[in-house]
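In this note's numbering, the protein residues as written are 551 to 808. To keep things clear, I will list the structure first and then write my remarks on it.
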C-alpha cells in the first residue's frame, strides 16, 4: 500500500505542479485503532512554484483527491498550513507527530515540530477536542443501542483534553498511550482494552447495547471539561516572523532558487 500512496503523491505533484514537503497517515491508523478494512487517510503539505504566490487574487490552497474505499488523500498549501500552525491547529499538530510517514523531504516537518510547544494553545486545542467528543457522542452514542466503534471517537478526544489539562502540552497521537497514562480505573481500562482488541481483530462493532462504564465516564468528563474549557484564555505569542522565514526558506529549497 505504501508504494501505491507514494505513486499517487507523485501523480499529484505532476498534475498540480507542486512539491510535497511531507505526507503522513492520520485518522484511525495513526491513532492506533484501525479496523482490518480501514481506509488510508493520507494528509500532506505542499509548496507551489514561486510565481503561484505572486498574484493579486487568492487561490485555492488545498488539493483534494476523490475518496474511494481504500484511500482518502488531501493536502494543504504551505502558506495555509503555516497560518493554521500559528493558531495551534490540532489536526496539523497531529500530522507533525504521526508515526506513519510516507514522505518527508527537505526537513520542513521537523522544523515545524520543533516549534510546536511555542505555538501550542491549550484553549484552542481543548475546545477542538471537546467539540469533537461532544459531536460524536451526540450523533452516535445516544439510546440503548449504539454504534459501539464510535466509543473510540469520543474517548480519544476526551483523553486528549485530560492530557492538555494535566500536562499543558500537545497530547500524543497514540490512543494506547493516552489510555495507559490517564485511565487509572482498572474496570474502565479493561472495557476499553476489550473493545480495542475486537476492533483490531476485525469485528464490525456496529449496533450493540451501550457500555455502561464507558457511557458514565464520557458523560461525567464532558460535563467537567465543558466547565474547565471556559476558564482557559489565549496566551499565545506571535510567531509570524519565524513562520514567514520558514515559508521563504522552503519556497527556495523546494525550487532551488539562487
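Even for Gly, the Cβ is constructed at its ideal location relative to N, Cα and C.
- The closest CA to that of residue 562, considering only 791, 596, 668, is found on 596.
- Secondary structure of residue 624 (DSSP, three-state): strand.
- With contacts defined by Cβ atoms closer than 8 Å, residue 629 and residue 649 do not form a contacting pair.
- Within the stretch 727-795, the complete alpha helix (DSSP H) segments of 4 residues or longer fall at 736-751, 762-779, listed in chain order.
- Per the DSSP secondary-structure output, residue 614 pairs in a beta bridge with 624.
- Residues of the same chain with a CB within less than 8 Å of the CB of residue 691, apart from the 5 flanking positions on each side, are 697, 700, 701, 704, 760, 765, 768 in chain order.
- Non-local beta-carbon contacts of residue 670 in its own chain, meaning distances under 6 Å to residues more than five positions away in sequence, involve 638, 720 in chain order.
- Ranked by Cα distance from residue 632, the first of 569, 676, 577, 798 is 798.
- By the beta-carbon neighbour count (other beta carbons within 10 angstroms, threshold 16), residue 651 is exposed.
- One thing to note: residue 588 has its Cβ no nearer than 8 Å to the Cβ of residue 576.
- If the five residues before and after residue 556 are omitted, its C-beta is found closer than 8 Å to the C-beta atoms of 652, 653, all from its own chain and listed in chain order.
- In the DSSP secondary-structure assignment, residue 593 is bridged to 574, 624.
- Classified as buried, residue 581 has 16 or more neighbouring CB atoms from the shown chains inside 10 Å of its CB.
- Assignment of residue 634 by DSSP, reduced to helix, strand and coil, places it in the helix class.
- Annotation: residue 803 to residue 559 spans about 19 Å, alpha carbon to alpha carbon.
- Of all alpha-carbon atoms in 602, 687, 565, 675, the one lying nearest the alpha-carbon of residue 718 is that of 675.
- When only Cα atoms are considered, residue 600 and residue 739 end up about 51 Å apart.
- Taking 8 Å as the cut-off, the Cβ atoms of residue 656 and residue 571 count as close.
- Residue 666 carries a helical assignment under DSSP once its states are collapsed to helix, strand and coil.
- Taking C-beta separations shorter than 6 Å and ignoring five residues to either side along the sequence, the partners of residue 682 in its chain run 707, following chain order.
- Around the CB of residue 644, 16 or more other CB atoms lie within 10 Å, so the residue is classed as buried.
- The stretch 636-662 is shown to contain whole beta strand (DSSP E) runs of 3 or more residues at 651-654, in chain order.
- For the 8 Å CB-CB criterion, residue 750 and residue 583 form a contact.
- Between the alpha carbons of residue 619 and residue 554 lies a gap of roughly 14 Å.
- Apart from the 5 residues on each side of it in sequence, residue 679 sits with its Cβ closer than 6 Å to the Cβ of 707, 710, 711 in its chain, given in chain order.
- The residue among 805, 771, 756 with its C-alpha nearest the C-alpha of residue 763 is 771.
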